[in-house]
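Below is one structure, written out as structure tokens, with a few remarks after it.
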Amino acid sequence: MSWGCGLCALLAGGALLVLLLLRWLRADGDLTVLWAEWRGKKPENELRGKVVWVTGASSGIGEELAYQLSKIGALLAISARREDELERVKKKCLQISNLSDKEILVLRLDLTDRSSHEAATNSVLKHFGKIDVLVNNGGRSQRSLFVDTNLDVFSAIMELNYLGTISLTKHVLNHMIERRRGKIVTVSSVMGIMGAPLASGYCASKHALQGFFNSLRTELTDYPEISIINICPGPVQSKIIQNVFTEKLDKSIENSGDQSHKMPTERCVQLTLVSTANDLKEAWISDQPYLAVCYLWQYAPTWAWWLMNRMGKRRIENFKSGVDADASYSRKKK
Ligand SMILES: NC(=O)c1ccc[n+]([C@@H]2O[C@H](COP(=O)([O-])OP(=O)(O)OC[C@H]3O[C@@H](n4cnc5c(N)ncnc54)[C@H](OP(=O)(O)O)[C@@H]3O)[C@@H](O)[C@H]2O)c1
């Protein structure tokens, strides 16, 4: 090869790298998610006609999951504690989809009431005869410093986000093992990968979920048709801040802040369904800079800590002065 050709190849390679870097700076999912969205299986082909049980479907990400799943023709069981909100979600699903009344089951479920989970699973099975996909989405976040927070708050977070989720999973998994097929999708968080101030209990519960499901997956090698899929969103528009745990169990947050700088719920759910259709083991779905921090956290944790420390300082200052703690994290959306 002549020097000229070599130089051209080098320049072309460099240009490609710059293009990839520019694309990555605008990315809102990790490389496997973006690849699956571009070249992978389509949710409408994979999930149409499937029975999908979504927990936490009365608001936020779960509500949007119900809308997008109904549009692509999945049969739905939707659960949460507030039945009136679930009925509202069902009504809208019926308006925007071709599903019939019987194809959407509203099922009240309290994730912390573990003794009710077997009966709830049986109700879905009685209604549809099978469960193809369980979406473990119900959960609550936290806004409080560890030093100010009562221990019973930590217990309640684990009871809901971790134990409630694995309890329901246990009942549904028995059914999937019998059928030798199914998908268990768990809405974890980027907080299941990294740490962040004001959310030590929440981060712990999401780390627990990640550890649990990553281990469960290794116990299911005899069932290649059962997928364990962990979804890790960054900040997403929803009611999560209104519903956070604080220092005390009976205290709610005063300032839930402006949500407009966070990822739109529709986009998060779109990528969640792409990840589900393509059986991704773990999907990071987030705008920058969280996405970059996820990569850094995996490969250079000490540098990631340095960055998080600077971001976290502002977060705590915001929180203490009554401003939305998340406001300084994400880039503003136009
Ligand atoms: N929004 C974000 O920035 C973000 C980022 C990463 C991960 N996530 C995760 O996404 C999931 C959904 O959150 P979201 O953002 O959509 O918040 P959200 O709007 O507050 O929705 C939370 C859902 O969980 C349900 N829930 C709460 N306590 C429950 C209980 N004891 N039993 C059953 N359901 C319960 C709520 O319904 P009821 O009150 O009617 O029970 C609601 O439907 C959570 O697991 C959260 O950790 C969210």
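With the sequence shown counted from 1, adding 1 to any position gets you my numbering. Note that beta-carbon positions come from the ideal geometry of N, C-alpha and C, so glycine has one too. All values derive from a computational prediction rather than experimental measurement.
- For residue 92, the closest of 112, 67 and 109 by C-alpha to C-alpha distance is 67.
- When the alpha-carbon of residue 266 is set against those of 169, 79, 238 and 28, the nearest one is in 238.
- Straight across, the Cα-Cα distance linking residue 277 with residue 63 is about 14 Å.
- 149 is the residue among 69, 79 and 149 whose C-alpha sits nearest the C-alpha of residue 246.
- In chain order, 200, 203, 204 and 207 place their CB closer than 7 Å to the CB of residue 192, counting only its own chain and leaving out the 5 sequence neighbours on each side.
- Boundaries of the beta strand (DSSP E) harbouring residue 283: 283 to 286, taken from the DSSP string.
- Here the C-alpha atom of residue 86 lies approximately 10 Å from the C-alpha atom of residue 80.
- Exclusion of the five residues before and after residue 294 leaves 195, 305, 308 and 309 as the residues of its chain whose Cβ lies within less than 7 Å of its Cβ.
- The continuous alpha helix (DSSP H) containing residue 24 extends over residues 4 to 26.
- Ligand 1 approaches residue 58 closely enough that one of its heavy atoms is under 8 Å from the residue's Cβ.
- In this structure, residue 237 has its CB closer than 8 Å to one or more heavy atoms of ligand 1.
- Going by DSSP, residue 63 is part of the alpha helix (DSSP H) stretching over 61 to 72.
- DSSP places residue 77 in the strand class (E or B) of the three-state scheme.
- Under the three-state reduction of DSSP, residue 109 is assigned to strand.
- In the three-state scheme derived from DSSP, where H, G and I count as helix and E and B as strand, residue 132 is classed as coil.
- Only exposed fits residue 219, as fewer than 16 other CB atoms lie within 10 angstroms of its CB.
- Residue 50 has its Cβ no nearer than 8 Å to any heavy atom of ligand 1.
- The C-alpha of residue 285 is placed about 27 Å away from the C-alpha of residue 318.
- For residue 184, DSSP records a beta bridge to 134 and 228.
- By the Cβ neighbour-count rule, residue 37 is buried, with 16 or more other Cβ atoms within 10 Å of its own.
- Minimum Cα-Cα distance from residue 283 among the listed residues 129, 43, 216 and 96 corresponds to 216.
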